[in-house]
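Participant:
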Amino acid sequence: MVIGSRRIGVIGLATLLAGLGGATYGAPGGHRAVVLPGDMTGCYSLYDERGRPASESLYFAPPKVRLDPTPYPVRGDSAWRLAKLDRDGRDDADPRSHRGTQYWAADSLTDSIHVVFHTNFSGSELILSRRLDGDTLRGRAMEEWDNGPSTNQAGAVTAIRYPCGPEAS
């Protein structure tokens, strides 16, 4: 059977469009596969590579965070809300800490989660492996700036899960 070039072109275009139809754009970096938050939700203490609270060295990052299963509507279906917590695990009462864009997203292609704290000008992004080591997630931090250099590696980071108390709700 002979298939004309026009039919091959139509089939090729349809195949391409069908493949793009399942794409989800959400987390930083463009195309991400959708992953449900599942076992990643909860409260975490965040530390930099020297073991200090992340808030002491990473721009706009809190010392603790609660990853919430509620979708973050601005980023589509591949991101969820988070709450910045203070050192005592309470919701951060400082109104300046709530400005900008803050969410977390899962990336099944790299089996990681991205935790983003951004003022809409500058901020930090933690890229953590989804593989738990006990109650610990490990990864790296990036800082993004509105003035150069636009992105820089900020070193290793650790997120240690702890039970969320009533003060973190």
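Quick note on my numbering: the sequence shown kicks off at 4 and runs consecutively. Cβ atoms here follow ideal geometry from the backbone N, Cα and C, with glycine treated the same way.
So is H117 buried or exposed if we call it buried at 16+ other beta carbons inside 10 Å?
Facilitator: For the purposes of this step, residue 117 is identified with residue 114 of the sequence shown, where counting begins at 1. Its Cβ being crowded by 16 or more others within 10 Å, H117 is buried.
Participant: Helix, strand or coil for D42? Go by DSSP, reduced to three states.
Facilitator: As a first step, residue 42 must be located in the sequence shown, where it is residue number 39. Correct three-state label for D42: helix.
Participant: Identify whether S81 lies in helix, strand or coil by the three-state DSSP scheme.
Facilitator: If you number the sequence shown from 1, residue 81 lands on position 78. S81: helix per DSSP, three-state reduction.
Participant: Could you check whether L129 and V160 sit closer than 8 angstroms to each other, using their CB atoms as the reference points?
Facilitator: On the sequence shown, position 157 is the one that residue 160 refers to. On the sequence shown, position 126 is the one that residue 129 refers to. Cβ atoms of V160 and L129: closer than 8 angstroms.
Participant: Taking three-plus beta-carbon pairs below 8 angstroms as touching, is the region 149 to 156 in contact with the region 45 to 58?
Facilitator: Because the criterion of three Cβ pairs below 8 angstroms is not met, the region 149 to 156 and the region 45 to 58 do not touch.
Participant: Nearest CA to the CA of P76: which residue from S125, R133, A108, F63?
Facilitator: Here residue 76 corresponds to residue number 73 of the sequence shown, with the count starting at 1. Checked all of S125, R133, A108, F63; the closest Cα to P76 is A108.
Participant: Is it buried or exposed for Y106, if we count other Cβ within 10 angstroms and need 16 for buried?
Facilitator: Against the sequence shown, residue 106 aligns to sequence position 103. Buried, since its Cβ has 16 or more Cβ neighbours within 10 Å.
Participant: Whose C-beta lies closer than 7 angstroms to the C-beta of D71 among residues of the same chain, with five residues either side of it excluded?
Facilitator: Within the sequence shown, residue 71 is the residue found at index 68, counting from 1. If we look at D71 and ignore the five residues flanking it on each side, its Cβ neighbours are T44, W83, R84, L85, A86.
Participant: With distances taken between CB atoms, is the gap from L88 to R102 smaller than 8 angstroms?
Facilitator: For the purposes of this step, residue 88 is taken as residue 85 along the sequence shown, with counting starting at 1. For the purposes of this step, residue 102 is taken as residue 99 along the sequence shown, with counting starting at 1. For L88 and R102, no; Cβs fall outside 8 angstroms.
Participant: What is the rounded straight-line gap between the Cα of A144 and the Cα of N123?
Facilitator: For the purposes of this step, residue 144 is taken as residue 141 along the sequence shown, with counting starting at 1. For the purposes of this step, residue 123 is taken as residue 120 along the sequence shown, with counting starting at 1. Their Cα atoms are separated by approximately 17 angstroms.
Participant: Taking P166 as the reference, give the member of R141, K67, S60 with the closest Cα.
Facilitator: Numbered from 1 along the sequence shown, position 163 holds the residue referred to as residue 166. The option with the nearest alpha carbon to P166 is K67.
Participant: Take G32 and list the residues in its own chain whose beta-carbon comes closer than 6 angstroms to its own, dropping the five residues that flank it on each side.
Facilitator: Counted from its first residue, the sequence shown places residue 32 at position 29. Reliability of the predicted coordinates at G32 is poor, the pLDDT of 44 falling under 50, and the value obtained from them is presented with this limitation in mind. None.
Participant: Please check the pair R90 and P56, which I expect to be a contact at CB under 8 angstroms, by giving their CB distance rounded to whole angstroms.
Facilitator: In the sequence shown, residue 90 corresponds to position 87, counting from 1. In the sequence shown, residue 56 corresponds to position 53, counting from 1. Rounded, the Cβ-Cβ distance is 7 angstroms, consistent with contact.
Participant: Let me know the secondary structure DSSP gives R164 once reduced to three states.
Facilitator: Residue numbering aside, residue 164 sits at position 161 when the sequence shown is read from its first letter. It is a strand residue.
Participant: Which one of Y47, L61, S100, L112 has the shortest CA to CA distance from S127?
Facilitator: Position 124 of the sequence shown holds residue 127. That would be L61, whose Cα lies nearest to the Cα of S127.
Participant: What is the rounded straight-line gap between the Cα of T104 and the Cα of A64?
Facilitator: Your numbering for residue 104 matches position 101 in the sequence shown. Your numbering for residue 64 matches position 61 in the sequence shown. C-alpha separation (whole angstroms): 12 angstroms.
Participant: Apart from the five residues on each side of it in sequence, which residues of its chain come closer than 6 angstroms, Cβ to Cβ, to S100?
Facilitator: Numbered from 1 along the sequence shown, position 97 holds the residue referred to as residue 100. Correct list, in chain order: K87.
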